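Data first, discussion second: the structure below is written as structure tokens.
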Amino acid sequence: MSKTTVNLIIKKEKESPLLRRLKVILPVVAITSLTAFAIAFFSSLIYFNNNIFQYNLTKKEIDNLEKKISSQKAAEGIYTFAATRLDILDKLSYKNPNFQNIISEVNKLNIEGVNLVSASSDDKGALALSFTASSSASMDNLVELFKASEQKKLYSQIEAHGIVREKKGNYLLTITAKAKDLVLK
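Position one of the sequence shown corresponds to residue 29 (the numbering used here), numbered consecutively onward.
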């Protein structure tokens, strides 16, 4: 038998110049791309961490402000309620011209030593007036003035209640009366 030899090593062919260039350029491009990606990734992480930190600070401030606002809600509710009620009372007093006419008529009762402390009226002309008088003579003048206005048919059902002498020497007098149509115009 004769010996035969088989050559299993393939003959190396010459590489093309393009392939040689690609073998040099592709690793450089890959390393550059990887570096650019790593820089972009880490810079975005830093940016988002800063934004998250700012978000958390803002959220804490908002929570603190909400706590302060909620603690003021009760007081604000009282103020809102009072303002609403005062607005309603203001509208009612302007809708009722009788009250304004009656009070202006009572203010015409100008007697020296007598001051009007409070006045109230309803839409039917019922009056409740509180006066302070500096002396019994000025209180008598007030009573005489109301008697005269009753004779002029301005007021009716005039009654004095609770005449009290205060420590200062003034007299406190409450008068209820019914205003007539002349006053209610």
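Glycine is no exception: its CB is placed at the ideal position from the N, C-alpha and C atoms.
Values in this document were obtained by computation on a predicted structure and should not be read as measured data.
ask   = Taking the alpha carbon of Arg193 as the point to measure from, which residue in Ser164, Glu172, Lys208, Arg113 has its own alpha carbon closest?
value = Ser164
query = Looking only at DSSP bridge pairs, what is Ala52 linked to?
reply = According to the sequence provided, residue 52 is Val. The question's Ala does not apply to it. None, per the DSSP bridge assignment.
inquiry  = Buried or exposed for Pro125, going by 16 or more other Cβ atoms inside 10 Å?
reply    = Only weak support exists for where Pro125 lies, its pLDDT of 48 falling under 50; the value from the coordinates is given anyway. The residue in question, Pro125, is exposed, as its Cβ has fewer than 16 Cβ neighbours within 10 Å.
inquiry  = Suppose the cutoff is 7 Å on Cβ atoms and the five residues either side in sequence are ignored; what does the same chain contact list for Ala161 look like?
reply    = Gly141, Val142, Met167, Leu170, Asn198, Tyr199, Leu201
key: For Ile106 and Ile116, the rounded distance between their alpha carbons   = 15 Å
Cα-Cα separation between Leu85 and Asn78, rounded to whole angstroms = 11 Å
key: Beta bridge counterpart(s) of Tyr199 as assigned by DSSP   = Ala161, Arg193
message = On the criterion of 16 or more Cβ atoms from any shown chain inside 10 Å, does Leu155 qualify as buried, or is it exposed?
response = buried
ask   = Using the C-alpha atoms, what's the distance from Ala176 back to Lys119?
value = 34 Å
key: Val145: first and last residue of the uninterrupted beta strand (DSSP E) it sits in   = 142–149
key: Paired residues, beta bridge with Glu187 - DSSP   = Thr204
request  = Give the single residue among Ile139, Leu157, Lys152 whose Cα lies nearest to the Cα of Ser146.
outcome  = Leu157
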